[in-house]
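So our numbering is basically just the index in the sequence shown, starting at one, shifted up by 4.
Every residue gets a Cβ at the ideal spot worked out from N, C-alpha and C, and that includes glycine.
Just so it is clear, the structure is predicted and the values come from calculations on it, not from any experiment.
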Amino acid sequence: MGHPSGRSGLVSTALSMSEPIAPATLGDPLVKAFELFWHPVCTVDELLLAGSHPLAVRLLGRRIAVARVESGGLLAVADRCLHRSTRLSVGWVEGETIRCAYHGWRWAGDGRCVEIPSMPLGPIPERACIGSYDIEERYGLIWLRLDGRAGTGIPAHPAYDSVDEAPLKILQGVPYTWPVGAARRVENFVDLAHFAWVHDGSLGRRDEPVPPMPSVARESGELRFSFDPPDMEVDETALFGHSEHRMPMPLTVSIDFWLAGGARRHLWMTACPIDRATTRTFWTVARSDDRDGDDAPHMAFQARVLAEDAPVVCHQDPPEIHLEPGFELSVRTDRVSIEYRRWLSQMAAAATAGPSALHDLLRESRSSISLAP
Ligand code: FES
Ligand SMILES: [Fe+2]
5 MGHPSGRSGL
15 VSTALSMSEP
25 IAPATLGDPL
35 VKAFELFWHP
45 VCTVDELLLA
55 GSHPLAVRLL
65 GRRIAVARVE
75 SGGLLAVADR
85 CLHRSTRLSV
95 GWVEGETIRC
105 AYHGWRWAGD
115 GRCVEIPSMP
125 LGPIPERACI
135 GSYDIEERYG
145 LIWLRLDGRA
155 GTGIPAHPAY
165 DSVDEAPLKI
175 LQGVPYTWPV
185 GAARRVENFV
195 DLAHFAWVHD
205 GSLGRRDEPV
215 PPMPSVARES
225 GELRFSFDPP
235 DMEVDETALF
245 GHSEHRMPMP
255 LTVSIDFWLA
265 GGARRHLWMT
275 ACPIDRATTR
285 TFWTVARSDD
295 RDGDDAPHMA
305 FQARVLAEDA
315 PVVCHQDPPE
325 IHLEPGFELS
335 VRTDRVSIEY
345 RRWLSQMAAA
355 ATAGPSALHD
365 LLRESRSSIS
375 LAP
């Protein structure tokens, strides 16, 4: 947590006193910014598998209990009963509430305690209130927002949102968790100089190590650029060709590919910051071609690419991005990541100034801002 008063034992007024504090993230201004955005924490199917129990998830160092209540709605509350600190995810859903398994206190979606069985005549103490969070379902994922004061939205997913008559066939990848900070995970996706080295033969060629220098623009809260890969033979399941990249800030990447034969494919990922050094990546691939073909080879190609990335991305030390100038050495060909880091730094500073400053920063990018080479 990045609240200035964190070490004194107090937390921000936006958050409940019952919130567990993750010491490892105290003082990180990026964490403060990320709290103002939506992040996926599980798939809809994972929540379904939890049955009548809330699902325990972690986001930005907090333990949160997520549940689908009996009306079909969703709730997200701190995964800690304020009575004796048992995790609420051990309890179960009852009506529109979660019942704690230890002494049966019931908690509503707004974080208020609505029943204390040992005191049927009350009163329920005023203080009986835990943290509650914004929660939404979209793209087959469950999204949380810890702090809604900047008015951010869930990132776009062009393949899901498409109104084309022939929409792409979308495959949901199995989420994976890596020991790396979320911003590093995202940066790897748009790091054009690594293709020649890490993906030699699959997405790049080591004998062509100089990447193109795209122009990068800020538009509608996204960084955008296009990219043309080198000439090479690739697997027919590869996502390879002229590509248009959209990066809904701060932790999502959406890439449209036009293959040489005319087919269109799409890759989308969003990195959930579980804590400063742990990221769960949710992702989809989509295609216009081979719609009736076997999906397995397409997923196998993605598995190959991830296996190529993992050894380098999971061994970045420290695992989280540090934005201080001079901490790492960038060169001109790191252009996209330089712009990504520049915007992250501005977001961190804005979030430190307050949610309305972050809101204004995102609003400023509504019209396209081209960033000079
Ligand atoms: S610990 Fe939850 S009701 Fe006692
Ligand atoms: Fe990669």
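Q. Ligand 2 heavy atoms versus the CB of Asp313: any closer than 7 angstroms?
A. Residue numbering aside, residue 313 sits at position 309 when the sequence shown is read from its first letter. Flag set: Cβ of Asp313 near ligand 2.
Q. Going by the CB atoms, is the gap between Val73 and Glu99 shorter than 8 angstroms?
A. Looking up residue 99 in the sequence shown gives position 95. Looking up residue 73 in the sequence shown gives position 69. It is Gly, not Glu, that sits at residue 99 in the sequence shown. In this structure, Val73 lies closer than 8 angstroms to Gly99 by Cβ.
Q: Could you give the DSSP three-state label for Pro301: helix, strand or coil?
A: Residue numbering aside, residue 301 sits at position 297 when the sequence shown is read from its first letter. Correct three-state label for Pro301: helix.
Q: Output yes or no for whether 8 angstroms exceeds the beta carbon distance between Asp338 and Ala197.
A: Numbered from its first residue, the sequence shown carries residue 338 at position 334. Numbered from its first residue, the sequence shown carries residue 197 at position 193. Their beta carbons are under 8 angstroms apart, which means Asp338 touches Ala197 by this criterion.
Q) Near Ala352, what residues of its chain come up, given a Cβ to Cβ distance below 6 angstroms and the 5 sequence neighbours on each side ignored? A) Taking the sequence shown and counting its residues from 1, one reaches residue 352 at position 348. If we look at Ala352 and ignore the five residues flanking it on each side, its Cβ neighbours are Pro33, Leu34 and Ala37.
Q) Ordered along the chain, which non-local residues of its own chain (more than five positions away) have a Cβ less than 7 angstroms from that of Val94? A) Your numbering for residue 94 matches position 90 in the sequence shown. Correct list, in chain order: Ala105.
Q: Buried or exposed for Leu53, please, with buried defined as at least 16 other CB atoms from any protein chain shown within 10 angstroms of its CB.
A: To locate residue 53, count along the sequence shown from 1; it is residue 49. Label assigned to Leu53: exposed.
Q: Using the beta-carbon of each residue, find all residues closer than 7 angstroms to any heavy atom of ligand 1 and list them in chain order.
A: Cys85, His87, Arg88, Ser89, Thr90, Cys104, Tyr106, His107, Gly108 and Trp109
**Q.** Limits of the beta strand (DSSP E) - the one that Phe229 falls within
**A.** Locating residue 229 in the sequence shown gives position 225, where the first residue counts as 1. Start and end: Glu226 to Phe231.
Q: For my contact list, Ile174 and Thr288 are in at a C-beta cut-off of 8 angstroms; report their separation, rounded to the angstrom.
A: Counting from one through the sequence shown, the residue named residue 174 turns up at place 170. Counting from one through the sequence shown, the residue named residue 288 turns up at place 284. Ile174 to Thr288, Cβ: 5 angstroms. Contact.
Q | Cβ contact (3+ pairs, closer than 8 angstroms) linking the segment 181-200 and the segment 325-339 | A | yes
Q | Closest residue to Tyr137 among Trp201, Ala71, Glu212 and Trp96 (Cα-Cα distance) | A | Here residue 137 corresponds to residue number 133 of the sequence shown, with the count starting at 1. For Tyr137, the nearest C-alpha among the options comes from Ala71.
Q.
Helix, strand or coil, according to DSSP, for Ala26 in the structure here?
A. Residue 26 sits at position 22 when you count from the first residue of the sequence shown. Any reading at Ala26 must be qualified, since the residue scores a pLDDT of 44, below 50, and its modelled position is unreliable; the value itself is stated next. Reduced to three states, the DSSP call for Ala26 is coil.
Q. How many angstroms separate the CA atom of Ala304 from the CA atom of Leu366?
A. Position 300 of the sequence shown, counted from the start, is the residue given in the question as residue 304. Position 362 of the sequence shown, counted from the start, is the residue given in the question as residue 366. If you take the alpha carbons of Ala304 and Leu366, they lie about 37 angstroms apart.
Q: Using 7 angstroms as the cut-off, classify the Cβ of His326 as near or not near the heavy atoms of ligand 2, replying yes or no.
A: For the purposes of this step, residue 326 is taken as the residue at position 322 of the sequence shown. No - ligand 2 has no heavy atom lying nearer than 7 angstroms to the Cβ of His326.
Q: Go through its chain and collect everything with a Cβ distance to Glu248's Cβ below 6 angstroms, but skip five positions before and after it.
A: Taking the sequence shown and counting its residues from 1, the one referred to as residue 248 is at position 244. So the qualifying residues of the chain are Ser230 and Asp260.
Q) Count the other CB atoms within 10 Å of the CB of Thr29; is the residue buried (16 or more) or exposed (fewer)? A) Mapped onto the sequence shown, residue 29 falls at position 25. With a pLDDT of 43 at Thr29, under the threshold of 50, the predicted position of this residue should be treated as unreliable, though the coordinate-derived value follows. With 16 or more other Cβ atoms within 10 Å, it is buried.
**Q.** Ala170 to Ile139 span [Cα, whole Å]
**A.** Stepping through the sequence shown from its first residue, residue 170 is reached at position 166. Stepping through the sequence shown from its first residue, residue 139 is reached at position 135. Computed Cα separation, rounded: 31 angstroms.
Q.
Quick check: Ser206 and Arg308, are their CB atoms within less than 8 angstroms of each other?
A. If you number the sequence shown from 1, residue 206 lands on position 202. If you number the sequence shown from 1, residue 308 lands on position 304. Going by C-beta atoms, Ser206 is nearer than 8 angstroms to Arg308.
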